[in-house]
Ligand code: ATP
Ligand code: MG
Ligand code: MG
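Numbering (this note's numbering), first residue to last: 6 to 609.
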């Protein structure tokens, strides 16, 4: 059990739990919303976080940080993390993305069910379920004098907003009465006005030094079919208005977002505070009291920037649409489906997220951090296997005399080099050696460079898990390229037999038998970009695409590797970690992806 490093968010949560900050939470009813009612029955002393993606694309490694953070905090403090779709912008959202996001979160090892009073409660929410509440909240703001319908053109609105050095100018529509605003807003809802003709704005302060408080829009007209509510609405709430309401309705305690929302926090608080107010209208009606204290609080952390990676959904989509990668799950993509196909494990990604921690300072994390986490995860559990990636045939010229023509000698090696004492070691790998084996081309040199310890005429090496052999020469084609390496078997030196150590050698090389080795497609991936910060400062990320980011070779693998299940991970001895491709690998047609090498640096 690892000790979780503390961070500022853990500090805040521990302080709030100690002070009972959220224990007073009451259930503020939401008309007609079944999902919300479920939150009312839960233990209010628990913390509640949420992961709120917009279903407009596939999740990437940056989202993984947010998932590990939000679900991880809830897990560590006995709380609950809500899986919520922030589906308030119908134009770009689709069910396909909803499904892929749920899949990704589950695959990463998190769930949204919790146990309360012996019952299982699902914490899967959709912001679109709150459209009625949001609409009612908007009408309340209008009646309370906190919102108005603005009919300025978008250009006028932009010009009148001012900038950081100039205060804004009040809209000529700002002084409308609540009754006028209400009538207009209902016309917006009822489809009486074209898209973009007017917006509902919060009435705050056109001179605020925080431009986000200069009467931000909260509702707009948009005729778009929503993936859940269909054509029921032609007006939709703006994200900055919807989000605090979603959090409040779900009794979220700690609403954690990335730093770019820091300037939005005053508006977040403004919306929630206003909705706790009650007003007695001139006609005697009492309106408001839609929310109750304690309210959710927003906290910001620095987003993940990972070197050699882009994490903008729009740019990732461009890579897919332009055919630069094979799809969202291309093993070079930083999407969660891409990382998964590449062979990264949920455990490695969680470990990575824990190690990078959370802070309030923007920084770049070196890509190697992810690979180190992967190696740390797989080192103790990925079965070993031998593969020859750049094969050349080696013939043992005395085999028939020593071992008998056609003889195949069984060999074995452990699947894992170290197994914890209380654990059952997995069955050993079985393979055979015969007259011919595949070896790496680089393991033979006709004229050895200084210090070379592998095969050259007159030198002895061990075929790992097999015999000691002595090199006698090679055969070449017309171009001088080595076609066959020749060697003789040194009898009685088989690994694991008493004679194994009778002949000392300086090197053991990896190999695969020609008789039982299986040809496999191996995809060697490398960074997609040659620049560490491919899109920083508005740089054209396509200018730094790495032309060698994908190389496909035919290798020979030992039988245990050929028998892999799709998605099974291995350490190919000396080469690094590989996974049987979850899409293309099949029995009899092995396909492997290289996840990462054994050490860091550019892969060779
Ligand atoms: P878009 O790319 O369309 O702007 P987004 O990256 O903001 O979208 P959302 O679906 O809104 O994606 O994000 C869901 C959650 O993931 C948000 O809480 C957001 O803060 C978080 N998130 C997104 N990118 C990162 C990142 N690089 N690092 C950490 N968290 C991130
Ligand atoms: Mg977003
Ligand atoms: Mg973004």
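From the three backbone atoms N, C-alpha and C, an ideal C-beta is built for every residue, glycine too.
How many angstroms separate the CA atom of residue i from the CA atom of residue j?
| i | j | result |
| --- | --- | --- |
| residue 179 | residue 541 | 40 Å |
| residue 555 | residue 527 | 10 Å |
| residue 365 | residue 465 | 58 Å |
| residue 570 | residue 584 | 9 Å |
| residue 367 | residue 359 | 17 Å |
| residue 198 | residue 291 | 30 Å |
| residue 214 | residue 169 | 7 Å |
| residue 274 | residue 255 | 16 Å |
| residue 489 | residue 75 | 58 Å |
| residue 306 | residue 26 | 21 Å |
| residue 498 | residue 564 | 23 Å |
| residue 346 | residue 188 | 54 Å |
| residue 313 | residue 321 | 13 Å |
| residue 415 | residue 428 | 26 Å |
| residue 657 | residue 435 | Since the first and last residues shown for the chain are 6 and 609, residue 657 lies out of range. |
| residue 331 | residue 587 | 15 Å |
| residue 385 | residue 582 | 12 Å |
| residue 165 | residue 221 | 12 Å |
| residue 409 | residue 578 | 30 Å |
| residue 78 | residue 54 | 8 Å |
| residue 123 | residue 600 | 42 Å |
| residue 309 | residue 80 | 21 Å |
| residue 24 | residue 10 | 22 Å |
| residue 425 | residue 431 | 11 Å |
| residue 493 | residue 439 | 12 Å |
| residue 263 | residue 302 | 14 Å |
| residue 82 | residue 244 | 29 Å |
| residue 15 | residue 338 | 31 Å |
| residue 559 | residue 393 | 9 Å |
| residue 216 | residue 553 | 46 Å |
| residue 272 | residue 252 | 14 Å |
| residue 374 | residue 13 | 22 Å |
Going by CA-CA distance only, name the one from the options that's closest to residue i.
| i | options | result |
| --- | --- | --- |
| residue 350 | 113, 68, 267, 287 | 113 |
| residue 326 | 603, 309, 62 | 62 |
| residue 154 | 238, 195, 224 | 224 |
| residue 146 | 230, 246, 111, 479 | 246 |
| residue 183 | 286, 387, 591 | 286 |
| residue 520 | 544, 442, 588, 506 | 442 |
| residue 115 | 69, 121, 370 | 69 |
| residue 437 | 329, 471, 257 | 471 |
| residue 575 | 597, 591, 589 | 597 |
| residue 335 | 530, 262, 22, 590 | 530 |
| residue 72 | 502, 60, 110 | 110 |
| residue 348 | 590, 231, 395 | 590 |
| residue 284 | 167, 276, 294, 377 | 294 |
| residue 249 | 228, 163, 227, 278 | 278 |
| residue 257 | 57, 160, 65 | 57 |
| residue 186 | 135, 455, 156, 234 | 156 |
| residue 476 | 280, 403, 226 | 403 |
| residue 120 | 141, 84, 105 | 84 |
| residue 226 | 201, 232, 317 | 201 |
With a cut-off of 8 Å on the beta carbons, I'd call residue i and residue j a contact; round off their distance for me.
| i | j | result |
| --- | --- | --- |
| residue 173 | residue 219 | 5 Å |
| residue 193 | residue 203 | 6 Å |
| residue 603 | residue 390 | 14 Å between Cβ atoms; not a contact. |
| residue 401 | residue 474 | 6 Å |
| residue 444 | residue 383 | With a Cβ gap of about 25 Å, residue 444 and residue 383 do not count as contacting. |
| residue 538 | residue 369 | 7 Å |
| residue 1 | residue 92 | This structure does not reach residue 1, given that the chain is present from 6 up to 609, and the question cannot be answered. |
| residue 562 | residue 522 | 7 Å |
| residue 208 | residue 152 | 6 Å |
| residue 449 | residue 517 | Their Cβ separation, rounded to whole angstroms, is 15 Å, which puts residue 449 and residue 517 out of contact at 8 Å. |
| residue 304 | residue 95 | The Cβ separation is near 29 Å, so there is no contact. |
Would you say residue i reaches chain D, if we count a Cβ-Cβ gap shorter than 7 Å as a contact?
| i | result |
| --- | --- |
| residue 521 | Included in the structure is just one protein chain, with no chain D present. |
Inside the region 252 to 333 only - beta strand (DSSP E) runs reaching at least 3 residues: Listed in chain order, they are 259 to 263, 283 to 285, 291 to 293, 302 to 306.
Length at least 3, wholly inside the region 454 to 521: the beta strand (DSSP E) runs in chain order: Within the region 454 to 521, the complete beta strand (DSSP E) runs of at least 3 residues are 465 to 468, 473 to 481, 487 to 494, 516 to 518.
Cβ pair count under 8 Å reaching 3, the region 467 to 474 against the region 510 to 522: Between the region 467 to 474 and the region 510 to 522 there are three or more inter-stretch CB-CB distances shorter than 8 Å, so the stretches are counted as touching.
Neighbouring residues (CB closer than 6 Å to any heavy atom of ligand 5): With respect to ligand 5, the structure shown offers nothing to examine, as its ligands consist of ligand 1, ligand 2 and ligand 3.
Runs of alpha helix (DSSP H) wholly within the region 130 to 181 (minimum 4 residues, chain order): Uninterrupted alpha helix (DSSP H) stretches at least 4 residues long and entirely within the region 130 to 181 occur at 136 to 148, 159 to 166, given in chain order.
The region 78 to 88 contacting the region 123 to 131, beta-carbon criterion three pairs below 8 Å: Yes, they touch.
At least 3 beta-carbon pairs within less than 8 Å: the region 532 to 550 vs the region 477 to 495: No, because fewer than three Cβ pairs between the region 532 to 550 and the region 477 to 495 fall closer than 8 Å, the two stretches do not touch.
Alpha helix (DSSP H) runs wholly inside the region 354 to 384, at least 4 long, in chain order: DSSP runs (the alpha helix (DSSP H)) wholly in the region 354 to 384: 373 to 383.
Length-filtered (3 minimum) beta strand (DSSP E) runs lying within the region 514 to 577: Taking only runs of at least 3 residues, the beta strand (DSSP E) segments lying wholly in the region 514 to 577 are 516 to 518, 523 to 530, 555 to 562, 574 to 577.
Contained alpha helix (DSSP H) runs [length at least 4] in the region 387 to 421, N- to C-terminal order: Runs found: 404 to 408.
Segments assigned beta strand (DSSP E), at least 3 residues, entirely inside the region 208 to 246: 222 to 226, 240 to 242, all fully within the region 208 to 246.
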